[in-house]
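See below for the structure under consideration.
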Amino acid sequence: MNVILLGPPGCGKGTQAARLQGKYGVIPLSTGDMLRAAVAAGTEVGKKAKAIMAAGHLVPDDVVVGVLAERIAQPDVQKHGFVLDGFPRTVAQAKSLDEMIEKRGWKLDHIVEMKVDEKALFARIDKRVRETAAAGGPVRADDNAETLKKRIVVYREQTQPILPYYAKAGRLKSVDGMAPIDDVTRQLEAIVGKG
Ligand code: ADP
2 MNVILLGPPG
12 CGKGTQAARL
22 QGKYGVIPLS
32 TGDMLRAAVA
42 AGTEVGKKAK
52 AIMAAGHLVP
62 DDVVVGVLAE
72 RIAQPDVQKH
82 GFVLDGFPRT
92 VAQAKSLDEM
102 IEKRGWKLDH
112 IVEMKVDEKA
122 LFARIDKRVR
132 ETAAAGGPVR
142 ADDNAETLKK
152 RIVVYREQTQ
162 PILPYYAKAG
172 RLKSVDGMAP
182 IDDVTRQLEA
192 IVGKG
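Using the numbering used here, you'd call the opening residue of the sequence shown number 2 and step up by one each time.
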């Protein structure tokens, strides 16, 4: 099974992707995590992405598509399917994904938008920073109010146009991302549980 979770930064995609893995075995693929790993490892991709990410802008489509294409070719994804979190983020990425999937003879089974109130996002990111810092973990370079504002604007301008792209093809479903975490999980399971 292949699933895409769409929604603004801090809407809970990563949390729900992990839960879908727990229940269905699908592999969570976060391009944000992949890029952060590349930055930490100092690879060519990481060098290109570092400053762009810290500023809250989007890493160029060709770079991110390359990273994702490499990852979906791995055996675990071939075997278990994926739940995408943070990709696609532009219509061009959505089109590249459609091509990659078609070439492999796969399909996108569920494309789900997590709808949230923008005001809640600031409070959530604030909480994530406080919890990470309290646990002694490294706080993400882009987890601060200023960069989050930028990421939300980028989401509105570049990522939201994906919604009509999928809706037009009759492929888009949605869940209420403002509900408690377990409720969101139940809503998602009601969608993907149908197979
Ligand atoms: P969040 O969902 O909290 O905004 P992510 O971890 O998904 O965070 O992404 C962090 C940053 O990584 C983004 O702001 C962007 O710079 C970069 N990034 C991640 N995925 C993509 C993508 N598909 N296209 C372009 N840039 C990306």
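For every residue, glycine included, the Cβ atom is placed at its ideal position computed from N, Cα and C.
All values reported here derive from a predicted model rather than from experimental measurement.
- When C-alpha distances from leucine 85 are compared across Ile5, Glu190, Gln17 and Ala168, the shortest belongs to Ile5.
- In the displayed model, aspartate 63 falls within a helix according to three-state DSSP.
- For ligand 1, a non-hydrogen atom lies closer than 6 Å to the CB of arginine 90.
- In this structure the stretch 173 to 186 does not touch the stretch 78 to 95; the number of beta carbon pairs closer than 8 Å is below three.
- Distance from the Cα of arginine 152 is smallest, within the candidate group Cys12, Val113 and Met101, for Cys12.
- The C-alpha of glycine 43 is placed about 12 Å away from the C-alpha of methionine 35.
- Around arginine 90, the same chain offers Leu59, Gln159 and Thr160 as residues with beta carbons nearer than 7 Å, after the five sequence neighbours per side are excluded.
- Every alpha helix (DSSP H) stretch that sits fully inside the stretch 106 to 188 and reaches 4 residues is listed by chain position as 119 to 135, 146 to 155 and 163 to 169.
- Two segments are said to touch when three or more pairs of C-beta atoms, one from each, lie closer than 8 Å; by this definition the stretch 99 to 114 touches the stretch 187 to 194.
- With respect to valine 92, isoleucine 163 sits close: the two C-beta atoms are nearer than 7 Å.
- Closest in C-alpha terms to aspartate 127, from the list Gly137, Ala135, Gly138 and Asn145, comes Asn145.
- The bridge partners DSSP lists for isoleucine 28 are Phe83.
- The beta carbons of glycine 87 and serine 31 sit closer together than 7 Å.
- Of the heavy atoms belonging to ligand 1, none sits nearer than 6 Å to the Cβ of glycine 47.
- By alpha-carbon distance to valine 140, the top candidate from Val130, Val68, Gln22 and Ala74 is Val130.
- The criterion of a C-beta distance shorter than 7 Å is not satisfied by proline 9 and leucine 173.
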